[in-house]
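Visitor:
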Amino acid sequence: MNVIIFGPPGAGKGTQAQNIAKKFNLYQISTGDILRSEIKKKTDIGKKIESIISEGEFATDDIVNKLLDKIIKDPAYKNRIILDGYPRNIDQAENLETILKKDNQTISAVLFLKISRDIVEKRIIGRITCDKCNKTLNEFFSSKEEIASHSCGKDHFKKREDDNLNTIANRYDAYMYKTKPVLDFYSTRSYFHEIDGSQKIEEIASKIEQILNL
């Protein structure tokens, strides 16, 4: 199966993508990881990407599409990928369908974790991470007992510097604005599924498994 997952920052998209990849033996494709890999390997296209990024620009659709085309056509990943962070626009969505069709593949499911900005703000603003063991809890959603009884000691919990209201609001609004056309593109398809992203991780994972097992 081939799956696409969407969700604004704080929706838990990355966690669910990892769960899906593990549960259904899929290969998780993140465009960011692909680009970084090319840069690290110092390929010709990697050097081009590095040059573009160094100038504060984003890798072009043409570059991303070429790298994705190579992965999708790899027999090792045929009909067993989950896309995280792609497509980002209508051109990429149409390109994806073209690539898959040429290789006799299809999209099995498009999952959208829908969540309000209010919940996202609480998830991120309340996020505290232990600087000793890296465990993450939440001041709004974790119990006081769980925080107080943490084995490393509650004093080790810190907040990330970029976890602030302005940053969260901007990232959320930018994501929803840019992604809406793509969601509209898929929303009429029978394989499009909107999931309540405000639920607990386990509940969301269970819902996704039900959808993918159909």
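Under numbering that gives the first Met the number 0, the sequence shown has 108 at position 109, and the numbering climbs by one with no breaks. Ideal Cβ placement from N, Cα and C applies to all residues, glycine included.
1) Hey, R122 and N137 are a contact pair by Cβ (cut 8 Å); roughly how many whole angstroms apart?
2) Residues in its own chain within less than 8 Å of P180 by CB, not counting five upstream and five downstream?
3) Is it the case that the Cβ atoms of K12 and I19 are separated by a distance below 7 Å?
4) Cutting at 7 Å between CB atoms, please list the residues of its own chain near P86, excluding the five before and the five after it.
5) Can you say whether Q17 is buried or exposed, counting buried as having 16 or more other CB atoms within 10 angstroms of its CB?
6) For T42, is the classification buried or exposed, using 16 other Cβ atoms within 10 angstroms of its Cβ as the cut-off for buried?
7) Counting Cβ pairs closer than 8 Å, one from the region 47-66 and one from the region 26-38, do we hit at least three?
8) When the Cα atoms are used, what is the spatial distance from K199 to T166?
9) Nearest-angstrom Cα distance between K206 and I194?
10) By Cβ distance below 6 Å, which residues in the same chain neighbour D102 in space, the five residues on each side in sequence not counted?
11) Is F156 near the ligand FAD, with its Cβ less than 6 Å from a heavy atom?
12) For a quick check, are the C-beta atoms of D61 and I98 less than 7 Å apart?
13) Using DSSP with H/G/I as helix, E/B as strand and the rest coil, what is E193?
14) Can you list, in chain order, the residues of its chain with a C-beta nearer than 6 Å to that of C151? Leave out the 5 residues immediately preceding and following it.
15) Give the secondary structure of I114 by DSSP, where H, G and I count as helix, E and B as strand, and everything else as coil.
16) Do H192 and I210 have their beta-carbon atoms positioned less than 7 Å apart in this structure?
17) Please return the same chain residues whose Cβ sits closer than 6 Å to the Cβ of V63, not counting the five positions on each side in sequence.
18) For S148, count the other beta carbons within 10 Å of its own beta carbon; 16 or more makes it buried, fewer makes it exposed. Which is it?
19) Among the candidates F57, M0, V2 and G9, whose CA atom is the shortest distance from the CA of R170?
20) Rounding to the nearest angstrom, what Cα-Cα distance links G125 and K113 in this structure?
21) Excluding sequence positions up to five away, which residues of its chain have a Cβ less than 7 Å from the Cβ of K157?
Guide: Let me lay it out:
1) 7 Å
2) N88 and I89
3) no
4) A92, L95 and V181
5) exposed
6) exposed
7) yes
8) 24 Å
9) 8 Å
10) K72
11) The ligand FAD is not part of the structure shown, which contains no ligands of any sort.
12) no
13) strand
14) C129, K131 and C132
15) coil
16) yes
17) T30
18) exposed
19) G9
20) 20 Å
21) I127, T128 and D130
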